[in-house]
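Count the sequence shown with the working numbering and you get residues 41 to 305, in order.
We put the beta carbon where it would ideally sit given N, CA and C, even for glycine.
Values in this document were obtained by computation on a predicted structure and should not be read as measured data.
Taking it in order: structure first as structure tokens, then the write-up.
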Amino acid sequence: MRYLVFGDVHANRLALEAVLAAGAARGAEAYLFVGDLVGYGPEPVECVHRLMALHAAGVLAWVAGNHELALRGDVPPDGYSAEAVATLDWTRSLLASDPAAQQFINAARVAVEVNDGIWLTHDSLADPGSAEYHRWPQNAKSELACLRWHKGRVAFYGHTHKMRAELTGEQTDLLLTPMEPHEGAGRDPCPVRLPPNELAWIGVGSVGFPTTPARRPEFLILDGTTWMVEKYAVAYPRDEARAKTRAVLTAPCGAAVADRIARWL
Numbered sequence: 041m042r043y044l045v046f047g048d049v050h051a052n053r054l055a056l057e058a059v060l061a062a063g064a065a066r067g068a069e070a071y072l073f074v075g076d077l078v079g080y081g082p083e084p085v086e087c088v089h090r091l092m093a094l095h096a097a098g099v100l101a102w103v104a105g106n107h108e109l110a111l112r113g114d115v116p117p118d119g120y121s122a123e124a125v126a127t128l129d130w131t132r133s134l135l136a137s138d139p140a141a142q143q144f145i146n147a148a149r150v151a152v153e154v155n156d157g158i159w160l161t162h163d164s165l166a167d168p169g170s171a172e173y174h175r176w177p178q179n180a181k182s183e184l185a186c187l188r189w190h191k192g193r194v195a196f197y198g199h200t201h202k203m204r205a206e207l208t209g210e211q212t213d214l215l216l217t218p219m220e221p222h223e224g225a226g227r228d229p230c231p232v233r234l235p236p237n238e239l240a241w242i243g244v245g246s247v248g249f250p251t252t253p254a255r256r257p258e259f260l261i262l263d264g265t266t267w268m269v270e271k272y273a274v275a276y277p278r279d280e281a282r283a284k285t286r287a288v289l290t291a292p293c294g295a296a297v298a299d300r301i302a303r304w305l
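This is the structure we're talking about:
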């Protein structure tokens, strides 16, 4: 099975469609999403329905991100930016008239075991739903210890909007592995191998709001047969996404909020 692994769409449908198309072209058969489907972008309902279709087809596993948790009222939006609060309030009003989409959001858990030792979480396997950012090796050690306790092999996470991989074995030190995405045609020529005796804690980057200089939507493909992780970044109509953001968000969220979000794309 070839799994497309992705996260942090943040209501950027154009970026999501680019990633799904690129994944399909590279043989994706199932989809693993690590949360933050909504928040910031101009097409939250459309993005929810896109994943609902994959879920209905039986090919999607996913977890809630901190924006989903705030949207459904599980956590207060303490510390959230004005842009996040405004777009979440607007999204909540849209979902009030779309109970199926709201139920889809409500049903998501904060950590999920997919199969074959694969785990998903948005922020932390040790403390899922905490909204903590993974930035330091000691964080990875805690997460990998938790993964070992769960008898897992690899855990994918989002939230940081960065690709990152840390591997360890029972007798080996923590190894920070390079995660440079392949931006050309075809398959990644330098995938990350997950040896059978090692565990991996892997950040998947971001679809909707990548932080790299090129700002290209990012995703991974895990080959469940070879246990290779392929890393990708793809082009998408960024100018169109910016224009849509301003056109859609100005009325409900204000011109200043819409403009700031558009400039982040």
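{"query": "Beta strand (DSSP E) containing Phe73: first to last residue?", "result": "70 to 73"}
{"query": "Output the distance between the C-alpha atoms of Val103 and Ala287, rounded to the nearest integer angstrom.", "result": "30 Å"}
{"query": "Have a look at the DSSP bridge pairing and note the partners of Gly209.", "result": "Glu238"}
{"query": "In terms of residue numbering, what span does the alpha helix (DSSP H) encompassing Trp189 cover?", "result": "177 to 189"}
{"query": "What ranges does the alpha helix (DSSP H) occupy inside the stretch 95 to 179, keeping only unbroken runs of at least 4 residues that lie completely in it?", "result": "106 to 111, 122 to 135, 139 to 147"}
{"query": "Assuming Lys271 and Asp228 are in contact, meaning their beta carbons sit under 8 Å apart, how far apart are those beta carbons, in whole angstroms?", "result": "6 Å"}
{"query": "Are there 16 or more other CB atoms within 10 angstroms of the CB of Ala147, so buried, or fewer, so exposed?", "result": "exposed"}
{"query": "Quick test of your reading: Leu214 and Lys181, contact by CB under 8 Å. State the CB separation rounded to the nearest angstrom.", "result": "6 Å"}
{"query": "Determine whether the beta carbon atoms of His162 and Asp279 lie at a separation below 8 Å.", "result": "no"}
{"query": "How should Asp114 be labelled, buried or exposed, when 16 other C-beta atoms within 10 angstroms of its C-beta is the threshold for buried?", "result": "exposed"}
{"query": "Flag Asp167 as yes if its beta-carbon sits less than 8 Å from any beta-carbon of chain D, otherwise no.", "result": "Here there is only one protein chain, and chain D is not present."}
{"query": "Under three-state DSSP, which class holds Leu305?", "result": "coil"}
{"query": "With respect to the alpha helix (DSSP H) encompassing Lys284, which residues constitute its N-terminal and C-terminal limits?", "result": "278 to 293"}
{"query": "In whole angstroms, give me the CA-to-CA distance for Ala240 and Gly119.", "result": "30 Å"}
{"query": "How is Leu56 classed by DSSP in three states: helix, strand or coil?", "result": "helix"}
{"query": "Name the two residues that bound the continuous beta strand (DSSP E) containing Lys271.", "result": "268 to 273"}
{"query": "Please confirm whether Arg193 and Ile158 have their CB atoms less than 8 Å apart.", "result": "yes"}
{"query": "Does the separation of the CB atoms of Ala101 and Leu187 fall below 8 Å?", "result": "no"}
{"query": "Take Arg90 and list the residues in its own chain whose beta-carbon comes closer than 8 Å to its own, dropping the five residues that flank it on each side.", "result": "Arg53, Leu56, Glu57, Leu60"}
{"query": "Could you tell me if Arg233 is buried or exposed, where buried requires 16 or more neighbouring beta carbons within 10 angstroms of its beta carbon?", "result": "exposed"}
{"query": "Taking the continuous beta strand (DSSP E) assigned at Asp76, which residues delimit it?", "result": "It is not in any beta strand (DSSP E) - Asp76 carries neither H nor E in the DSSP assignment."}
{"query": "Take Met41 as the anchor and find which of Pro84, Asp263, Phe259, Thr252 has the nearest alpha-carbon.", "result": "Asp263"}
{"query": "With Gln258 as the anchor, note down where its beta strand (DSSP E) starts and where it stops.", "result": "The sequence shown places Glu at residue 258, not Gln. Unbroken beta strand (DSSP E) run through Glu258: 258 to 263."}
{"query": "Rounded to the nearest angstrom, what separates Cys306 and Val247 at their Cα positions?", "result": "There is simply no residue 306 to check, as the chain begins at 41 and stops at 305 in what is shown."}
{"query": "Measure the alpha-carbon distance for Ala205 versus Leu260 and round it to whole angstroms.", "result": "11 Å"}
{"query": "Quick one: what's Ala195 bridged to in DSSP?", "result": "Trp159, Trp241"}
{"query": "Measure the CB-CB distance between Gly198 and Val78 and report whether it falls below 8 Å.", "result": "no"}
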